[in-house]
Amino acid sequence: MKPAPFAYHAPAGAAEAAALLADLGEDAKAIAGGQSLVPMLALRLAVPEHLVDLRRVDELRGIEERDGTVRIGAGTTQAAIGRSATVARGVPLLARATPLIGHFQIRNRGTLGGSLAHADAAAEYPAVALALDARIETLSPRGTGTIDAAAFFTGLWTTALEPDELLTGVAFPVWTGRRGFAVEEFARRGGDFALAGAAVAVELDGDDRVRRCAIGLFGLGSTPLRARAAEAAATGEVAADIDADDVGSAATASLESVPSDLHASAGHRTRVGAAVVARAWRRAIREAADA
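Whatever position you read off the sequence shown (first residue = 1), add 23 for this note's numbering.
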């Protein structure tokens with residue numbers, strides 16, 4: 024199939040893009056790298072009357088560390104994130120998730136903002152943003168704003184963005200101290216969307232107790248999920264006394280609406296989810312203990 028007809032707009036700046044989205048309303052879609060939207064257009068799963076192309080908006084790109092965060096422009100490509108020493112140092116979880124996204128051709132065009140705005144529950148970046156309590160930055164004719172990642176993903180392929188809001192950047196808090204990070208997923212083939220995945224961050228204190236931890240899940244619901252019960256159970260415990268398999272079981276014990284389709288049943292996805300959480304937990308704890 025071919026996309027339905029649409030009017031094409033190529034703004035030169037973020038303010039112009041936001042104004043276009045406000046004027047055109049729900050009949051418009053913003054496109055960045057197009058790695059998610061273009062296939063949807065071709066299949067006519069999305070039929071916007073207007074397409075607002077963000078490729079010329081240079082101010083949406085860039086990576087910088089400031090005030091205890093790494094701020095990444097929404098238009099920054101996944102390939103650029105993967106190459107960034109600033110991201111590798113300040114947000115290792117994001118750096119480690121990046122090579123798992125599709126193939127290098129996709130990462131060369133796909134963007135951070137596009138991945139978050141598309142809000143695919145099986146994608147890596149939304150789960151990382153949720154696990155790290157990232158702040159989503161927005162721009163509209165009403166001004167600038169921020170949305171906590173915990174409130175950003177509202178349903179399947181839906182977010183808290185208003186029709187007139189443009190996603191401009193994401194601020195990731197920098198974890199310090201004895202920290203460890205790991206991303207694990209299971210996919211049938213390299214580059215496929217994961218049947219289930221986990222993004223884990225851990226910080227240990229001087230006595231090897233878990234000072235804080237975060238477990239983000241993907242592929243296990245209609246949105247990325249946070250395993251808060253498992254996090255709470257592990258926090259304050261001596262790392263060596265925590266059974267990783269118990270963490271995996273706790274992380275998946277209360278899952279609701281786990282997808283069931285031709286790729287895997289809900290039960291299989293849940294079991295795989297517990298296994299990848301346990302594997303990521305072991306890696307993250309080992310890295311933190313050695314820090």
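We treat Cβ as the ideally placed atom computed from N, Cα and C, and that holds for glycine. Please read these numbers as outputs of a predicted model, since none were measured by experiment.
Query: If contacts are defined as beta-carbon pairs under 8 Å, then residue 292 and residue 258 qualify, I think. What distance do you get, rounded to the angstrom?; Result: About 26 Å; that fails the 8 Å criterion.
Query: Classify residue 302: buried if its beta carbon has 16 or more other beta carbons within 10 angstroms, exposed otherwise.; Result: buried
Query: Quick one: is residue 229 buried, meaning 16 or more other Cβ sit within 10 Å of its Cβ, or exposed?; Result: exposed
Query: Can the beta-carbon of residue 29 be found less than 9 Å from the beta-carbon of residue 62?; Result: no
Query: Fully enclosed by the segment 85-147, which beta strand (DSSP E) runs are 3 residues long or longer?; Result: 86-89, 92-96
Query: Tell me which same chain residues have a C-beta within less than 6 Å of the C-beta of residue 115, skipping the five on either side of it?; Result: 204
Query: Thinking C-beta only, is residue 121 closer than 9 Å to residue 86?; Result: no
Query: Which residues bound the alpha helix (DSSP H) around residue 225?; Result: First-last for residue 225: 219-227, but that is the beta strand (DSSP E), not the alpha helix (DSSP H).
Query: Give me the Cα-Cα distance between residue 225 and residue 50, rounded to the nearest whole angstrom.; Result: 43 Å
Query: Under the rule that 16 or more other beta-carbon atoms within 10 Å means buried, what is residue 55, buried or exposed?; Result: buried
Query: Span of the alpha helix (DSSP H) holding residue 27?; Result: Looking at the DSSP string, residue 27 is not in any alpha helix (DSSP H), and its letter there is neither H nor E.
Query: Among the residues of its own chain, which have a CB less than 6 Å from the CB of residue 177, if the five just before and after it don't count?; Result: 183
Query: Could you give the DSSP three-state label for residue 79: helix, strand or coil?; Result: coil
Query: Within the same chain, show all residues whose beta-carbon is closer than 7 Å to that of residue 140, passing over the 5 residues directly before and after it, in chain order.; Result: 182, 184, 190
Query: If we ignore side chains and look at the alpha-carbon of each, how far apart do residue 41 and residue 251 end up?; Result: 35 Å
Query: Quick one: using the 10 Å Cβ neighbour count with 16 as the cut-off for buried, is residue 199 buried or exposed?; Result: exposed
Query: In whole angstroms, what separates the C-alpha of residue 82 from that of residue 154?; Result: 26 Å
Query: Exposed or buried, which one is residue 65 when buried takes at least 16 other CB atoms within 10 Å?; Result: exposed
Query: Straight-line CA distance for residue 247 to residue 144?; Result: 5 Å
Query: Can you list, in chain order, the residues of its chain with a C-beta nearer than 7 Å to that of residue 157? Leave out the 5 residues immediately preceding and following it.; Result: 172, 193, 194, 195
Query: Under 9 Å, do residue 96 and residue 135 count as touching if we go by C-beta distance?; Result: yes
Query: Mind checking whether residue 275 and residue 243 have CB atoms under 9 Å apart?; Result: yes
Query: Tell me the rounded alpha-carbon separation between residue 201 and residue 237.; Result: 14 Å
Query: Report, in whole angstroms, the separation of the C-beta atoms of residue 208 and residue 299, which I expect to be a contact under 8 Å.; Result: 6 Å
Query: Using only alpha-carbon positions, find the residue among 36, 166, 240 that is nearest to residue 149.; Result: 240
Query: Got a sec? Which residues, its chain only, sit under 6 Å from residue 88 by beta carbon, not counting five neighbours each side?; Result: 109, 113
Query: What does the Cβ neighbour count give for residue 90, buried or exposed, with the cut at 16 atoms within 10 Å?; Result: exposed
Query: What residue range does the alpha helix (DSSP H) around residue 275 cover?; Result: 267-275
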